[in-house]
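Colleague: Going by my numbering, the letters in the sequence shown line up with residues 78 to 430, in that order. Beta carbons are placed, not taken as given, at the ideal position from N, Cα and C, and that holds for glycine.
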Amino acid sequence: MTRFLLTILAGVLCLGPGPAAADSVAGFYKDKQIRFVVRTTVGGDYDQYTRLIARFIGKYIPGNPSIVVVNMPGGGGITAANYMAQVAPRDGTVIGIVSQGLAMDQALGVSQQLKADLKEFNWIANVVHSNQLLVVWHTSPTKTIEDAKKRVTTIGTTGAGSVSVQYPAFYNNVLGTRFKIVFGYPGGQFIDLAMERGEVEGRGANPYSGWMASKPTWIPEKKIIPLMQAGIEKEPALPHVPLITDQPVRDEDRPLLRFMANSSSIGRPLATTPGVPADRVAALRRAFAATVRDPEFIAAAKKENMQIKPQSAEVLLKIILSVLNAPQDVRDRMKVALQPRDEHTQKIKINKK
């Protein structure tokens, strides 16, 4: 049985005074349906977290609305975010876990398709803040980040522009690693299978919470070896794995490491649309706080190996703004640092069977 980590932060639970069910909010939500948008297809941790929360949160929202999960994949989460920002009603009847990478996308202006402004969203909480891990399969000769600077190590990825590419590209460009970035895998589960088959040696970006949900035995049984973690502070379960901000770099590159650490800490941010009345936003925040205290929710999360490490909306927004409002010179340099060089890439045809 893997260890289940459940941390309830005080900032999430202390959401301020107010009646449990204000008449105006209860009256609005009575007989309503809330659409809980997922940025992916069915499966994966975004979908898992959404469906887990959806099973419980409705009973804590005044008026007890029903909750329906709506999968809306596309553009690495851009389709779902644009829907929430531009199409969905601005009344608190649409919520969603926004893609972790969109704050970086907006800050750097790397996607012309992104029309949403994350500053305008009403943030409910961070469901889990979890560090992005750089890992290799246990048979790889690369055992440390220093080894990765000395030998070529193949890293499986999906495609250009994805975080699976951006992280190893950043490590090559800023830290001096020698990762060979292999394009073409349809999703994370195919990269995992490729590691098992020996097609690639590692995976450049997947959160610790994602590993514990999808492959809960791989880290404890040392099937994968974490080389580095990107985040503000170390995962408690990984005290010996170095942080990205601890890496030796030139002084002028240190702000780039902090930018990556902040971006990685955004986790799985839960929001409702812009323009929602303040009393409904407050009610949704209280409902989430009550949900993560619910013993049945805690038991269900434990059964599904889902890590719950919430942060308050205030803490979450502070992290998001640290990315969006980074100095322009940092953002300009980040655009370059995230781009893989041709000599570091390889494209292969994938057998999906």
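Considering only residues of the same chain and omitting the five flanking positions on each side of LYS136, which have a CB-CB separation below 7 Å?
Modeller: Translated into positions along the sequence shown, residue 136 becomes position 59. The answer is none, since no qualifying residue turns up.
Colleague: Could you give the first and the last residue of the continuous alpha helix (DSSP H) run that contains ARG128?
Modeller: As a working mapping, residue 128 is identified with position 51 in the sequence shown. 122-131 is the extent of the alpha helix (DSSP H) around ARG128.
Colleague: Count the CB pairs spanning the region 271-284 and the region 229-247 that are closer than 8 Å, and state whether there are at least three.
Modeller: The region 271-284 vs the region 229-247: in contact.
Colleague: Quick check for students: name the residue ranges of the beta strand (DSSP E) that lie wholly in the region 117-204, counting only runs of 3 or more.
Modeller: Listed in chain order, the complete beta strand (DSSP E) runs (minimum 3 residues) inside the region 117-204 are 143-148, 171-174, 199-203.
Colleague: Inspect the beta-carbon positions of ASN203 and GLY308 and report whether they are closer than 8 Å.
Modeller: Numbered from 1 along the sequence shown, position 126 holds the residue referred to as residue 203. Numbered from 1 along the sequence shown, position 231 holds the residue referred to as residue 308. In this structure, GLY308 does not lie closer than 8 Å to ASN203 by Cβ.
Colleague: What does the Cβ neighbour count give for LYS412, buried or exposed, with the cut at 16 atoms within 10 Å?
Modeller: In the sequence shown, residue 412 corresponds to position 335, counting from 1. It is exposed - the Cβ of LYS412 has fewer than 16 other Cβ atoms within 10 Å.
Colleague: Relative to the C-alpha of ILE396, which residue among VAL147, HIS206, TYR123 is closest?
Modeller: On the sequence shown, position 319 is the one that residue 396 refers to. Cα-wise, what sits closest to ILE396 is HIS206.
Colleague: Give the secondary structure of VAL213 by DSSP, where H, G and I count as helix, E and B as strand, and everything else as coil.
Modeller: The residue given as residue 213 occupies position 136 in the sequence shown. VAL213 falls in the strand class under three-state DSSP.
Colleague: List the residues that DSSP assigns as beta-bridge partners of GLN423.
Modeller: Taking the sequence shown and counting its residues from 1, the one referred to as residue 423 is at position 346. GLN423 pairs with VAL259.
Colleague: With distances taken Cα to Cα, identify the nearest neighbour of THR254 among LYS226, ASP108, PRO351, GLY265.
Modeller: Within the sequence shown, residue 254 is the residue found at index 177, counting from 1. The residue with the shortest Cα to Cα distance from THR254 is LYS226.
Colleague: Can you tell me which of ARG116, ASN402, ILE138, PHE113 puts its alpha carbon nearest to the alpha carbon of ASP356?
Modeller: By 1-based counting over the sequence shown, the position of residue 356 is 279. Closest option to ASP356, Cα to Cα, is ILE138.
Colleague: Measure the C-alpha to C-alpha separation of LEU334 and LYS380 and round it to an integer number of angstroms.
Modeller: As a first step, residue 334 must be located in the sequence shown, where it is residue number 257. As a first step, residue 380 must be located in the sequence shown, where it is residue number 303. So the two alpha carbons sit approximately 35 Å from each other.
Colleague: Give the single residue among GLY287, ALA360, ASN250 whose Cα lies nearest to the Cα of GLN266.
Modeller: Position 189 of the sequence shown holds residue 266. It is GLY287.
Colleague: From the DSSP output, read off the bridge partner residues of LYS226.
Modeller: In the sequence shown, counting from the first residue as 1, residue 226 sits at position 149. Paired residue(s): none; LYS226 is not in a bridge.
Colleague: Let's test the definition: count the other Cβ atoms within 10 Å of the Cβ of THR216 and tell me whether it reaches 16, buried, or not, exposed.
Modeller: The residue labelled residue 216 in the question sits at position 139 within the sequence shown. That one is exposed.
Colleague: Thinking just about the alpha-carbon of each residue, which of ASP122, TYR106, VAL102 is nearest to the one in GLN177?
Modeller: As a first step, residue 177 must be located in the sequence shown, where it is residue number 100. Here the closest residue by C-alpha is ASP122.
Colleague: Can you give me the C-alpha to C-alpha distance between MET149 and THR117, rounded to a whole angstrom?
Modeller: Residue numbering aside, residue 149 sits at position 72 when the sequence shown is read from its first letter. Residue numbering aside, residue 117 sits at position 40 when the sequence shown is read from its first letter. Answer to the nearest angstrom: the Cα atoms are 6 Å apart.
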